[in-house]
Amino acid sequence: MNYRQATWERETDSGEPVNEPLLSEKRTGTVSHDDVDLPDELVREELTLPEPAEPEVASHYTRLSQMNYSVEHGPYPLGSCTMKYNPKFTEDVAGLDDGAIHPDRPDEYAQGTLAVLHGLQEYLAEIGGMETVTLQPPAGAAGEFTGLLVARAYHRSNDEDEKRREVIVPASAHGTNFASAAMAGYDVVELPSNDDGRVPLEALEEAVGDSTAALMLTNPNTLGLFERNIADIADVVHDAGGLLYYDGANLNALLGRARPGDMGFDIMHYNVHKTFASPHGGGGPGAGPIGVVEELTEFLPDPHVREAEDGSFEFYEPEESIGKVHGFHGNWLVLLKTYAYISRLGDGGLKDTSAMAVLNANYLASQVDLDIPYGPFHHEFVASAGDVDAAEFAKGMLDEGVHPPTTKWPEIVDEALMTEPTEALSKEQLDVLAAAFTETDRKTSEELSEAPTTTAAARIDQASAARNPQLSWRDVEGHDE
């Protein structure tokens with residue numbers, strides 16, 4: 001089975017990608033009134049209709065959608081991205097008339113909305129083992145940044161901000177941790193993994209000290225491995241006066257079975273687009289709530305939702321708040337989808353989710369005939385493409401009609417293929433994905449060097465694309481008006 005909806009033919013000599021013209025280039029022309037008898041006051045010099053007819057518009061967007069690949073098409077196993085299916089009932093909930101509320105509406109006239117926000121705070125706090133949660137950060141990386149600002153505010157309250165200037169990040173951490181720590185103004189200390197892919201306690205003990213602000217940890221890590229010594233890791237960090245930060249990128253592996261707060265984490269962020277099936281933002285609306293333990297609650301962003309003594313809900317500003325990190329109260333409709341998803345699944349459903357995610361990853365790994373150097377793993381695994389460049393291997397998988405895994409990360413695995421099937425795939429879909437690995441592994445270097453050949457866009461010059469990005473249609477030659 002091939003999940004691609006269409007096979008795209010190109011000129012064999014040029015290799016140019018399929019070109020779908022802009023709607024503005026599909027004009028039907030101008031309307032002439034020469035043969036129409038109209039009163040002078042209704043006559044224009046010229047009337048241009050820049051939009052094509054409805055059937056052509058429908059065809060245009062349908063073709064564009066078929067040029068791409070999404071979770072609606074089939075397997076999308078990007079490791080640590082948790083590209084799970086977005087259930088449509090959450091879109092229905094977000095589309096209810098009652099969800100269309102102006103953010104400036106007074107609290108007394110927005111009690112239903114505040115009740116949902118407060119309920120989601122409570123849901124997430126319980127799932128993560130945290131004291132309370134803020135919903136304001138608009139994305140996972142923004143959640144990381146917000147969490148580090150909370151850590152800084154905490155150290156400042158203890159007159160230690162000036163000396164605690166380092167954030168420790170393991171080599172097996174989620175890739176954004178390094179950038180978030182640097183953006184928050186910290187010096188990043190990278191901690192190498194031990195032979196089994198986990199945090200080495202001895203090296204951690206040497207790395208921590210009076211300058212340590214926090215250790216950022218993903219658990220399970222990007223190899224899919226659970227940090228078995230997490231209680232000892234927490235003790236080492238706390239004894240040095242630092243905070244333990246949990247990156248929620250891989251929380252899908254633990255739902256209903258383990259909580260970061262119970263492991264000793266002080267701050268965590270939730271990727272609702274991963275764990276709770278809201279759409280990945282792609283630069284659009286997202287949400288990255290953070291949870292904190294009790295001693296950090298007064299540093300959370302403003303505003304925060306709480307329940308008043310009379311049972312109503314209100315916004316308030318925590319005493320030592322770091323201030324706003326996003327306009328108003330976060331991306332409300334994304335948060336509403338998250339609330340609907342958790343409510344629909346309940347405790348049992350969330351527990352089943354993590355079980356299926358782990359089962360699917362392990363079944364898929366058993367069907368993939370590539371070296372998988374680390375295990376036993378949970379929700380994802382990292383295979384090695386061996387002597388083949390991982391990026392070339394990924395392009396070869398595109399021609400098998402599936403989306404390839406994350407490539408070249410984590411760097412501790414040579415030519416890494418970080419693979420996460422999520423709980424959403426059936427056994428039949430997992431078999432299709434395994435077959436794509438197998439077929440790609442059989443391809444010659446020449447075949448891989450020409451891939452992909454069945455996608456709408458041909459192979460691109462990745463270096464030029466990164467250095468000279470075309471971020472708008474105006475950047476494209478011929479569209480500079």
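Be aware that the sequence shown starts at 1, since it is given in the UniProt record's numbering, and climbs by one per residue. Glycine included, each C-beta is placed from N, C-alpha and C at the ideal position.
(request) Note the first and the last residue of the continuous alpha helix (DSSP H) segment covering residue 515. (result) Not covered by the structure: residue 515. The range shown for the chain is 1 to 481.
(message) What residue range does the alpha helix (DSSP H) around ASP232 cover?
(response) 230-239
(request) Could you please give the first and the last residue of the uninterrupted beta strand (DSSP E) stretch that includes ALA416? (result) 416-419
(request) Express the C-alpha separation of ARG63 and TRP409 in angstroms, rounding to a whole number. (result) 32 Å
(message) Looking at GLY330: is its Cβ nearer than 7 Å to the Cβ of ALA287?
(response) yes
(request) Report the three-state DSSP secondary structure of TYR109 (helix, strand or coil). (result) helix
(request) Mark residue 555 as exposed unless 16 or more other C-beta atoms lie within 10 angstroms of its C-beta, in which case mark it buried. (result) The first residue shown for the chain is 1 and the last is 481, placing residue 555 beyond what the model contains.
(request) Count the other CB atoms, across all protein chains shown, that sit within 10 Å of the CB of SER172; report buried if there are 16 or more and exposed otherwise. (result) buried
(message) Looking at the secondary structure, which residues open and close the beta strand (DSSP E) in which LEU359 lies?
(response) It is not in any beta strand (DSSP E) - LEU359 instead sits in the alpha helix (DSSP H) that spans 332-367.
(request) Using beta-carbon positions only, say whether GLY256 and LYS337 come within less than 7 Å of one another. (result) no
(request) Tell me, to the nearest whole angstrom, how far the beta carbon of VAL334 is from that of PRO285; I am working on the premise that it is less than 8 Å. (result) 5 Å
(request) Compare the Cα-Cα distances from VAL199 to each of LEU223, ALA182, THR212, MET183 and report the closest residue. (result) LEU223
(request) For ILE460, count neighbouring Cβ atoms within 10 angstroms of its own Cβ and tell me buried if that reaches 16, exposed if not. (result) exposed
(message) Considering just the uninterrupted stretch of the beta strand (DSSP E) at residue 510, what are its terminal residues?
(response) No information on residue 510 is available, as it lies outside the stretch 1 to 481 that the chain covers here.
(message) Is the separation between the beta-carbon of VAL236 and that of ILE267 shorter than 7 Å?
(response) no
(request) Starting from the N-terminal side, write out each stretch of the alpha helix (DSSP H) that is 4 residues or longer and does not extend beyond the UniProt domain "Aminotransferase class V" (149-281). (result) 176-183, 201-207, 230-239, 260-263, 272-275
(message) Quick check on the burial criterion: 16 or more other C-beta atoms within 10 angstroms. Buried or exposed for SER14?
(response) At SER14, the pLDDT of 46 sits below 50, so the modelled position is not reliable; the number obtained from the coordinates is stated separately. Exposed is the call here.
(request) Kindly list the residues whose CB is nearer than 7 Å to the CB of HIS273, restricted to its own chain and excluding five residues on each side of it in sequence; keep chain order. (result) PRO279, HIS280, GLY281, GLY286
(message) Going by DSSP in three states, GLU54 sits in which element: helix, strand or coil?
(response) helix
(request) Alpha carbon to alpha carbon, how far is ALA141 from THR176? Give it in angstroms, no decimals. (result) 7 Å
(request) Would you mind reading off the limits of the alpha helix (DSSP H) that contains SER449? (result) 445-450
(message) So, with DSSP's three-state summary, where would you put ARG44?
(response) coil
(request) Would you identify the three-state DSSP class for ALA383, choosing helix, strand or coil? (result) strand
(request) Over the uninterrupted beta strand (DSSP E) stretch that includes PHE315, give me the two end residues. (result) 313-316
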